[in-house]
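Residues -3 to 371, numbered by the working numbering, are exactly what the sequence shown covers, in order.
Built from N, CA and C at the ideal position, the CB exists for glycine as well.
Below is one structure; the comments refer to it alone.
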Amino acid sequence: MKNNNIKPAQVFSEQQTVDAKTDDAVSTVQPPLKPAQSFNEADFIDELALATDKTADDLQSLMPESVLDEVLKESKQPKRWSLLAKLSLISVGLLIIVQTVTGLLTAFEQSPYLFGFYAFVLGVLISWLSVIVIKEWRKLVALKQVGVNQDTATRLADSMQIGEAGPYIESLLLHYPDNQAKHAYLSQVSVEHNDAEKVMLFDDLVLSERDELAKKYVSRFSAESALLLAASPLAALDMALILWRNQAMISKIAKVYGIELGYWSRIKLIRSIIVNIIYAGTAEVATDLGTQLLSVEMTGKLSARVAQGLGGGLLTARLGYQAMALCRPIKFNKKNKPKLSKIHQHLLSEIKGLTADAINQSKVLKATDEKQKVQ
């Protein structure tokens, strides 16, 4: 005979039956509908900041440095002038000298007074040009010295010796204002500290204060660029103003780190900034552009002007951060290096305020028009 696995009989009480019916009734009752909510552009700005931060962190963790970075670094080496270009410049210089001497001799044969006048004017021009050339040369040397200082600081950061970091840091302190950060370093540094400890202390106390001031300039100028592009319909005029404002920002950042820019040194610094942006590492490019493109894409769904303003502000911020990296006597490390994903929150809040004001103003104008129509 086959054994049937029959479950034992169960007996339910009246209370259990009532509880089961109550649970079924509760499960069939639909939850009440939430009240309707209205949103505008300004309500999405904070969500954009959080989403962009998460995406930037993901890109930073997923994009490693590649072999392409080494190729790009090699392409950054300046190209030397060709022999033909050098001969052309020498020929033009000799031609100017010969023509000047010939003209002076001709003037002397005609009249000694005319020769004296020409010689006086030529002497004034040569003196003026010499002063300008010497000043520009000194400013160029000071800008090039930043690269030497960065290499020296990198070497001293791994040195356990004593004696070389002191004169190096003292030469840097001469260009910085006499403030609280400078006094804090001078009071805490000791002869017992080795070179690496002195460089670290100088970076933490003095340069961190300079970095905060430079970041304030970057934040201010980038916010101005974002608001200018988001609010004004004249794109060509806005871009011209932003280029002019970016030059002012770069000059202020260089001055923060004790560098005075001249005409050619400013051109060299701007060129170096652009080259460093173009030939940046793949991880840095992925992080910065990922932050920028995501923010522009998400804000572009809300408003084309908001996206345009945010893109211009992020570009200004990136130029400012590159200027900080090139003017700083000690290279940034992973901890204190400014990130583009941090400043976009400030830009979004500025655009949020502008958008909210515009929406409120449009509502007031619309209400005024409706009242006039009713009357």
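- For residue 226, the three-state secondary structure derived from DSSP is helix.
- Setting aside the 5 residues that flank it on each side, residue 238 is surrounded in the same chain by 221, 224, 225, 308, 312, each with a C-beta closer than 8 Å to its C-beta; the list follows chain order.
- The count of Cβ pairs closer than 8 Å, one atom from the stretch 189 to 200 and one from the stretch 150 to 158, reaches three, so the stretches are in contact.
- By the CB criterion at 7 Å, residue 205 and residue 250 fall outside the cutoff.
- For the set 139, 248, 124, the Cα lying nearest the Cα of residue 322 is the one of 139.
- Following the DSSP letters along the chain, one finds residue 183 inside the alpha helix (DSSP H) bounded by residues 176 to 184.
- Apart from sequence neighbours up to five positions away, the residues of its chain that approach residue 165 with a beta-carbon distance below 7 Å are 194, 198, ordered along the chain.
- With fewer than 16 other CB atoms across the displayed protein chains lying within 10 angstroms of its CB, residue 173 is exposed.
- When the Cα atoms are used, residue 100 and residue 114 turn out to be separated by approximately 7 Å.
- A Cβ-Cβ separation of about 5 Å places residue 210 in contact with residue 252 under the 8 Å criterion.
- Distance from residue 258 to residue 105 at the Cβ level is roughly 41 Å; contact not present, criterion being Cβ atoms closer than 8 Å.
- In the structure shown, the three-state DSSP call for residue 200 is helix.
- DSSP places residue 104 within a helical segment (H, G or I) once states are collapsed to three.
- Rounded to the nearest whole angstrom, the CA to CA distance from residue 122 to residue 81 is 25 Å.
- When C-alpha distances from residue 215 are compared across 83, 76, 337, the shortest belongs to 337.
- CA-CA distance, residue 342 to residue 241, rounds to 19 Å.
- If you draw a straight line from the Cα of residue 112 to the Cα of residue 118, it is about 10 Å long.
- A direct Cα-to-Cα measurement between residue 202 and residue 142 gives close to 16 Å.
- Taking the Cβ atoms as the reference, residue 318 lies roughly 6 Å from residue 273, within the contact range of under 8 Å.
- Close CB contacts of residue 110 within its chain, under the 7 Å cut and outside five residues either way in sequence, are with 103 (chain order).
- A Cβ-Cβ distance of about 4 Å is found for the pair residue 325 and residue 145, placing them in contact under the 8 Å criterion.
- The distance from the Cβ of residue 320 to that of residue 147 is about 18 Å, inconsistent with a contact at the 8 Å cut-off.
- Spanning the alpha carbons of residue 129 and residue 92 requires a straight line of approximately 18 Å.
- Taken through DSSP and simplified to helix, strand or coil, residue 154 comes out as coil.
- DSSP places residue 113 within a helical segment (H, G or I) once states are collapsed to three.
- Annotation: the continuous alpha helix (DSSP H) that includes residue 165 extends over 161 to 169.
- The Cβ-Cβ distance between residue 316 and residue 235 does not fall below 7 Å.
- In chain order, 309, 342, 343, 346 place their CB closer than 7 Å to the CB of residue 219, counting only its own chain and leaving out the 5 sequence neighbours on each side.
- The alpha-carbon of residue 158 is positioned some 21 Å away from that of residue 327.
- Looking only at 247, 77, 196, 186, the smallest Cα-Cα distance to residue 149 is reached by 196.
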